[in-house]
Every structure is written in C-alpha cells, then in structure tokens.
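Working notes for the structure below.
There are 2 protein chains.
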Amino acid sequence: MQPIKKIPARDRILTSAHDLFYLYGIRATGIDRIIAESGVAKVTFYRHFPSKNDLIRAFLEYRHQRWISWFKGALERHGQDIHAIVPALAEWFHSEQFRGCAFINSVGELANELPEVCEITRHHKQHMIQVISELVPQSTHRDELINALAVAIDGAIIHAQYDTTPENALKAVDHIIAVLIP
Amino acid sequence: MQPIKKIPARDRILTSAHDLFYLYGIRATGIDRIIAESGVAKVTFYRHFPSKNDLIRAFLEYRHQRWISWFKGALERHGQDIHAIVPALAEWFHSEQFRGCAFINSVGELANELPEVCEITRHHKQHMIQVISELVPQSTHRDELINALAVAIDGAIIHAQYDTTPENALKAVDHIIAVLIP
DNA sequence: TTGCGGGTAGACAGATCTGTCTACCTGAGT
DNA sequence: ACTCAGGTAGACAGATCTGTCTACCCGCAA
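Protein chains in written order, with the working numbering: chain A, 1 to 182; chain B, 1001 to 1182.
Dropping the structure here:
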C-alpha cells in the first residue's frame, strides 16, 4: 500500500485544485481550501504556484490533457466513427461529477480579468475539433460540417449542465449529426 | 432635462448591477462597487435587497425581461421567420457589450451555491424556445427541430463568446438551420 | 404643521482572501 | 557524516467582502 503522501506535492495540489475549481468554480474556491484538501503546507503551495493565476493556468492545462485523453478513449471504445460521439458524450453527461465544460465555465467567470482563458479555451476546442475531425470521412463541405458539429457539441454540454437530465441535449446532437451527414 | 437622480434608487441599483454582473461576473463584483456605480447609499441598497443573493435573483429576472423583449424585436425586424434567427444573433454577437449568455455564465459560476439559477435558466431558455417556435411552421418532427435549434443557438452563443470573431458561430447556426428544415 | 416614505454619508464588525515570513523536519545521495 | 532538495506548521499583514448601525435630510400630503 503506497501511502498518499508519496505523491509529490505539486500533483496533490493540482488534483485538489482541479476537483474544487471544477465543482465549485474558480473564484468560489480559496487557496486555503486547496491547501487543506491537498494536505500541503502554505509555503509549499506558493513555491509551486507563486500566485493563484499561475494555479489557474496550470489547472486549465491539466484539465485539457485529462479531458482530451478521456475523450479519445471514449470515442475509441464506442467504435471510433461519427456515431461514437453521442454515446461518448452520454458517458460524460451522466457521470456523477459532470459540471459542464471547465473551459466554458472559466471563460464566463474570468475572461475579463484573465484574458488568456479565451485563448486557452480556443486551443482546447481546436484540439477537440481535431479529434472529432478524424471521425469524419473526406467529403464536400467537410469544414462546415465539423464547425457545425463543434457548435452543436458545445450547446449540448451547456444544456446537459443546466437541464434536469441530459437526454434532450443528447437527442439534439444525435438529430443534428443525422441531418448533417450526407 | 430630467436629472439622473430622479430615477428611483431600486432601478439605478438594478441597472448598475446588471452592467457590472454581466461584464465582470457576479462573484467578481462586490456590493460596494454596485453602490458606488449606482450612486446610492448602502442602507438604501440593503433596504431594497436584503442580501446579495436577492440582488442576483432580481438581476436574472431583469435580464430575462430585457433580453427576451430585445430578442422578439430583433426577430420581427429581420422578417419574423426562421431565417431571422441568424441576423438577430449576429446583431447581438457583434454588439460592444456582448459577453455571452448571462444565464449560462451564472450557471457556471453559481450553480453549486445557488441551485435555483439552473431552474431560472431553464425558464429563460424555455421562454426563448417558445419565441423561436413561433417562427417554425407546423411540420413532422417539429419538437425535435426546435430542440436541436435551441442547442445549436446555445452553442453559438458560447462560441461567439470565446472566439475571436462570431463568424464561425453564425455560419454554424446558418448551416444547421439549412439542413434541419425539410 | 406634522408625519412619514424614501433617501444620504460613512464608520464599523467580522469573515475571508491572497500572499509573506520564520523556524523547523526528513530522507536520499555522496 | 554532511548536504540539500523538498517538505511542514502556523502566525501575520493587508486588502476586500457582506452586512449592520447611527444620525441626519428633504419633499409632499393630510
């Protein structure tokens, strides 16, 4: 049994920050709480992340890696074609901790004070688009199709976040994909 | 010349809160700043809104009224049919103060602490759906069409918020509408 | 004239937030 | 045996946040 304490402080901070930021929001989560949750000393925290904004950037980078690799895996598990998108999203939307897209949430919360979150979000979504574009066969209007798909997926994420169930969001994506493919 | 001071305190508070909440986010905006901006005394503020949460609820209600009536007007100006949606959204997305959907933003920021924002958001979106459903002629699969449209519009709002220009978001909605109508 | 609804200015309490500082501990490699 | 990277506990400073309190003001209607 590997004790928890053997995990390096930086990693513990990052995973705690991830869970708290994602669940409660970034501004709602104080440094003290992250320190308590990760069981790290305050000095240690500030040695790794000189300011909260540095932690926010690291959190977004971490979230990006984590989400993209989960997404790729889910698509593969569901058949690695365009019809894998809906069941992959369904998995996410139904998961216990689902709270929408961490990037979209941080844009709404911070874009004015930390302008780079928009850029970070664009990179993240660009990467997501690149992953789904591998599922779409060569065709005319391929770019329009992918652009429309990206917008529909973001809309579905939002709907699943505020709706009582994610079913309508999933149906909408399903329907849009159906009418979109030639 | 009607001096500004003749506008009742409650209204001044509400419009200031609206502008600040929408631009900077709700948590990022302190009561003191709203008080300063609206030129009202602190006691007056707390007489009208006993707590910040009361103000948040009033803000969402106010925003709802204001946005819906703007939206209806914009759709009418653009021909009051399904093809009015894209130019109406274009107007909004290009406007100086555009910062996405106030409801979506507050869900991301507050849903955990103030659960009713999800419900308020559902009501708002329900109302939006009702407005656009008046543009859609009777047809088979009408409900699916409207549901898909609602998701696509929310996705476009998000995209327009973090993208450098709203053009791709608008193109996506345009494309989705085109393939959606029979 | 008197009463009152609605307003003003600003000090204050108490919590909480970010970030700094001092002083100490531990274990692995040389 | 020694060093040093990396860690710990927790007090403290200073800003900022929500919410309360006292004391005063003005215009209008009965």
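Each residue gets a CB set at the ideal place from its N, CA and C atoms; glycine is no exception.
(request) Consult DSSP for asparagine 112(A) and reduce its assignment to one of helix, strand or coil. (result) The residue given as residue 112(A) occupies position 112 in the first sequence. Note: asparagine 112(A) maps to coil in three-state DSSP.
(message) Counting only beta-carbon separations shorter than 8 Å, does isoleucine 129(A) have a partner in chain B?
(response) By 1-based counting over the first sequence, the position of residue 129(A) is 129. Isoleucine 129(A) does not count as touching chain B.
(message) Suppose you measure from the CA of lysine 1072(B) to the CA of tyrosine 162(A); what does that come to, to the nearest Å?
(response) The count along the second sequence starts at 1 and reaches residue 1072(B) at position 72. The count along the first sequence starts at 1 and reaches residue 162(A) at position 162. Using only the alpha carbons, I get a separation of about 23 Å.
(request) Over the uninterrupted alpha helix (DSSP H) stretch that includes glutamine 1065(B), give me the two end residues. (result) Along the second sequence, read from residue 1 onward, the residue named residue 1065(B) stands at position 65. Here the alpha helix (DSSP H) through glutamine 1065(B) covers 1052 to 1077.
(request) Quick one: grab the DSSP three-state call for threonine 1015(B). (result) For this step, residue 1015(B) is matched to residue 15 along the second sequence. In the structure shown, threonine 1015(B) sits in a helix (DSSP, three-state: H, G or I).
(message) Does the CB of glycine 108(A) have a neighbour CB from chain B at under 8 Å?
(response) For the purposes of this step, residue 108(A) is taken as the residue at position 108 of the first sequence. By this cut-off, glycine 108(A) is an interface position.
(message) Just to make sure I have the definition right: I need the residues of chain B whose C-beta is within less than 9 Å of the C-beta of lysine 72(A). Which are they?
(response) In the first sequence, the residue the question calls residue 72(A) occupies position 72. Within 9 Å Cβ-Cβ: nothing; lysine 72(A) doesn't reach chain B, min ~21 Å.
(message) Alpha carbons only, please: which of Thr1015(B), Ala1111(B) and Ser1069(B) is nearest the one belonging to phenylalanine 1045(B)?
(response) Here residue 1045(B) refers to the residue found at position 45 when the second sequence is read from its first residue. Measuring from the Cα of phenylalanine 1045(B), the nearest candidate turns out to be Thr1015(B).
(request) Spell out whether any CB of chain B is found under 8 Å from the CB atom of aspartate 154(A). (result) Your numbering for residue 154(A) matches position 154 in the first sequence. With 8 Å as the cut-off, aspartate 154(A) counts as an interface residue toward chain B.
(request) Give the residues of chain B in contact with histidine 159(A), contact being defined as C-beta atoms less than 7 Å apart. (result) The residue you call residue 159(A) lines up with position 159 of the first sequence. Val1151 and Asp1154, listed in chain order.
(request) Would you check if the segment 1101 to 1109 of chain B and the segment 135 to 147 of chain A touch, i.e. whether three or more CB-CB distances between them fall below 8 Å? (result) no
(message) Could you check whether the Cβ of glutamate 1144(B) sits closer than 8 Å to any Cβ belonging to chain A?
(response) Numbered from 1 along the second sequence, position 144 holds the residue referred to as residue 1144(B). With 8 Å as the cut-off, glutamate 1144(B) counts as an interface residue toward chain A.
(message) Please classify asparagine 1053(B) as buried or exposed, where buried requires at least 16 other C-beta atoms within 10 Å of its C-beta.
(response) Taking the second sequence and counting its residues from 1, the one referred to as residue 1053(B) is at position 53. Result: exposed.
(request) Mind listing the chain B neighbours of leucine 180(A)? Cutoff is C-beta to C-beta under 7 Å, in chain order. (result) Along the first sequence, one-based indexing puts residue 180(A) at 180. Here the neighbours are Val1179.
(request) Examine the Cβ distances between the segment 105 to 121 of chain A and the segment 21 to 36 of chain A and report whether three or more of them are shorter than 8 Å. (result) yes
(message) Let me see if you follow: with CB-CB separation under 8 Å, is arginine 47(A) close to chain B or not?
(response) Counting from 1 along the first sequence, the entry for residue 47(A) is found at position 47. Cβ-Cβ to chain B under 8 Å: no for arginine 47(A).
(request) Enumerate in chain order the residues of its own chain whose CB-to-CB distance from phenylalanine 1021(B) is below 6 Å, with the five nearest sequence positions on each side excluded. (result) By one-based count along the second sequence, residue 1021(B) stands at place 21. The answer, listed in chain order, is Thr1029 and Phe1059.
(message) Here's the rule: buried if 16 or more other CB atoms are within 10 angstroms of the residue's CB, otherwise exposed. What is serine 38(A)?
(response) Working through the first sequence from its first residue, we reach residue 38(A) at position 38. Serine 38(A) is buried by the Cβ-count criterion.
(message) Quick check: what's the CA-CA separation for histidine 1094(B) versus isoleucine 157(A)?
(response) One-based indexing of the second sequence puts residue 1094(B) at position 94. One-based indexing of the first sequence puts residue 157(A) at position 157. Their Cα atoms are separated by approximately 24 Å.
(request) Could you tell me whether the Cβ of glycine 1030(B) comes closer than 8 Å to any Cβ of chain A? (result) For this step, residue 1030(B) is matched to residue 30 along the second sequence. No, no contact with chain A.
(message) What does the alpha-carbon distance come out to for the pair leucine 1089(B) and leucine 1055(B)?
(response) Here the question's residue 1089(B) lines up with position 89 in the second sequence. Here the question's residue 1055(B) lines up with position 55 in the second sequence. Cα-Cα distance, rounded: 28 Å.
(message) Run through chain B and tell me which residues come within less than 8 Å of glycine 100(A), C-beta to C-beta.
(response) Residue mapping note: residue 100(A) aligns to position 100 of the first sequence, counting from 1. Those within 8 Å of glycine 100(A) in chain B are Val1107 and Gly1108.
(request) Could you please give the first and the last residue of the uninterrupted alpha helix (DSSP H) stretch that includes arginine 47(A)? (result) Your numbering for residue 47(A) matches position 47 in the first sequence. First-last of the alpha helix (DSSP H) with arginine 47(A): 42 to 48.
(message) Can you pull the chain A neighbours of aspartate 1113(B), defined as C-beta to C-beta under 9 Å?
(response) Taking the first residue of the second sequence as position 1, residue 1113(B) is located at position 113. Residue identity differs from the one stated: residue 1113(B) is glutamate in this sequence, not aspartate. Neighbours of glutamate 1113(B) on chain A, chain order: Tyr24, Gly25 and Ala28.
(request) Ignore the nearest five residues each way along the sequence and tell me which others in alanine 1150(B)'s own chain have a CB closer than 8 Å to its CB. (result) As a working mapping, residue 1150(B) is identified with position 150 in the second sequence. If we look at alanine 1150(B) and ignore the five residues flanking it on each side, its Cβ neighbours are Lys1125, Met1128, Ile1129 and Ile1132.
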